[in-house]
Every structure is written in C-alpha cells, then in structure tokens.
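One structure is given below, encoded as structure tokens.
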Amino acid sequence: GFLIGSDSVSPAPVELLGDVVRVSVPDDYGHLGEKVLAALQWTLEHVDAPYIVKVDEDTWVNAHQLTSWLQARVPVATAEWYGGMVHQIPVFRSGAWGVPRSVYAATEYPPYAKGGGYVLSRSAAGRIVDTIRAGVSPLISNVEDAMVGLAAAALSITATQIEGFRELPLDFGQRAYSEMSVECCAADTLLYHKPLEPSVCASCWMTSALSLIPISEPTSLGMI
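Residue numbers (our numbering): 284 to 507.
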C-alpha cells in the first residue's frame, strides 16, 4: 500500500482508495514519525500478513526474493523480529534530524535499521506501536527509523542485519554511472534504496521472477 497523509490543517479521516491509504496525519517531514505509526497501525488492523515491510518511496524491493528469504530465515512468523540495514550513529541536536535532549537525552542511538527499508514481524510492529503510543519510548517525529529502533531496543528486540538490503553509496558520484545503475541487479539483492535507475531494477526483477513462477504456496508480505 501507498500511505499518504492529509494536506489540510484538520487531518481527514483514514480512508482507502485502491492501494492508496490516506492517514489522518499531516504529510510533511516534521510529522514522519506520526505517519509511520499511523501506517503501521492501519496495516495491523487491515492486512493479514506475518511481516510488514516499510520502505521509502525511492526504494526498490524484490518482493518474491524477500518473501523467500524471510520464510527461510525467520520461520516463526509470530516471533518478535526486526531487520534491515543496521547502523549506529550519534544523536544530532540540530538540522533536519536534530532531536532535543528533552526528547532523547542519550548521545547515541542503539543500533537500528535505516528507514530506506526495514522489516517488522507482526508481533514486533504491534508492540513497537503500543510502546511509543504509551510514551514508554519517545516519539521522534523527524527521525522515524531511529524512533522505531529505540522502541525495539526498549522491548529487547535486536535489529538484525539483512545483507541483501543495500543502498546507493555516498561515493556514487566518483564511480561509473553504468556500474552504479545495475547494482540493484545483484542476484542476492532483496531491497535497494535510492537506485539510480529504478527501471533497470524492475527489468532485472522481471527476469528473475520467471524462474519463481509458479509459486507453490503464496505467503502474504505487507508492504507500506
């Protein structure tokens, strides 16, 4: 599903139109944390899936391979599980990702999965939402991925590194465009954040998907 917020001062009620869900949260960066919570809550209430994959709009996902990866490595769908591109960074106090000490006093976040794409089991997503809503873990509106990671850490849910989750490297401008445009086509790539050529990624997926059809046992993968 594609989750969008309200563009009005008074947020509209949650509504569904095709694969688009409008949640009652202003659609701006300053409310991203609230929007992700609303998206997770809506998915938990309306989608019957053992895993929820949250991705940015500029992220490409190989849904078939990701489903197979989860089936093979996370066999108990009801377990509290959380994974993605795990990293650990200091807490910024100013700028777009600035968080005041009154919201989170520590100088460093615990290891968490980057917001370009991460996976939550249904159970983990539910407990994380409840923990933040209850104020046990802070609501960080402008750093939603760290917000989710903090709640997971408060629940003793460890962030798992998924090697097949990748993103455009910081030095991409110093490398050949032809090389970078096909990075998402690696056989073991499950998700790629900020691909230079999404159409190339999609073309690679269509080629690999032919070897996966027919699928003997369909499995739901909630994606937001």
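Note that the Cβ used here is the ideal one computed from N, Cα and C, for glycine as well.
A quick note: this is a predicted structure, and the numbers were derived from the prediction, not measured.
For the alpha helix (DSSP H) holding residue i, just list the boundary residues, first then last.
i: GLU462; result: 460 to 463
i: HIS370; result: It is not in any alpha helix (DSSP H) - HIS370 instead sits in the beta strand (DSSP E) that spans 365 to 370.
Do residue i and residue j have their C-beta atoms closer together than 7 Å?
i: VAL412; j: TYR334; result: no
i: ALA434; j: TYR392; result: no
i: LEU286; j: VAL306; result: yes
i: GLY321; j: TYR395; result: According to the sequence provided, residue 321 is Ala. The question's Gly does not apply to it. No, they are not a contact pair.
i: GLU450; j: SER406; result: no
i: CYS467; j: PRO478; result: yes
i: ILE415; j: TYR365; result: no
Give me the DSSP bridge partner(s) of residue i.
i: TRP343; result: TYR475
i: GLY400; result: VAL338
i: LEU299; result: VAL304
i: PRO395; result: In the sequence as displayed, the identity of residue 395 is Tyr instead of Pro. Looking at the DSSP assignment, TYR395 forms a beta bridge with HIS370.
i: GLU450; result: HIS476
i: PRO309; result: SER289
Taking residue i as part of the beta strand (DSSP E), name the residues at either end of that continuous run.
i: ARG384; result: Per DSSP, ARG384 belongs to no beta strand (DSSP E) and is neither H nor E.
i: THR443; result: 442 to 444
i: GLY287; result: The residue you asked about is not Gly; residue 287 is Ile in the sequence shown. Segment 285 to 289, the beta strand (DSSP E) holding ILE287.
Please work out which residues of its chain come closer than 7 Å, Cβ to Cβ, to residue i, disregarding the five sequence neighbours upstream and downstream, and give them in chain order.
i: GLY409; result: LEU327
i: LEU473; result: ASN345, GLN348, LEU349, TRP352, ILE445, GLY447 and PHE448
i: GLU427; result: LEU315, GLY316, VAL319 and GLY398
i: THR533; result: Summary: the structure shown does not reach residue 533, with the chain confined to residues 284 through 507, and so no result is reported for it.
i: SER424; result: GLY313, HIS314, LEU315, GLY316 and GLU317
i: VAL386; result: PRO421 and ILE423
Please confirm whether any heavy atom of the ligand FMN lies closer than 6 Å to the CB of residue i.
i: ILE423; result: As for the ligand FMN, it is missing from this structure, which has no ligand bound.
So, for residue i: in the same chain, excluding its five sequence neighbours on each side, which residues have a beta-carbon less than 6 Å away from its beta-carbon?
i: PHE455; result: MET463
i: ASP339; result: GLY399
Determine the direct distance from the alpha carbon of residue j to that of residue i, and round the result to whole angstroms.
i: ILE496; j: ALA332; result: Legend: pLDDT at ILE496 = 43, less than 50; position of this residue unreliable, value from coordinates given subsequently. Going from the Cα of ILE496 to the Cα of ALA332 covers about 21 Å.
i: TRP380; j: GLN371; result: 14 Å
i: GLU500; j: ASP341; result: Because the pLDDT of GLU500 is 43, which lies under 50, any placement of that residue in the model is unreliable, and the number read from its coordinates should be weighed accordingly. Cα to Cα, the separation comes out at about 29 Å.
i: ARG458; j: VAL419; result: 44 Å
i: HIS329; j: LEU300; result: 13 Å
Once you ignore the five residues that flank residue i on each side, which residues in its own chain have a CB closer than 8 Å to its CB?
i: MET368; result: ALA396, LYS397, GLY399, GLY400, TYR401, GLN444, ILE445, PHE448, ARG449, GLU450 and HIS476
i: ALA485; result: TRP343
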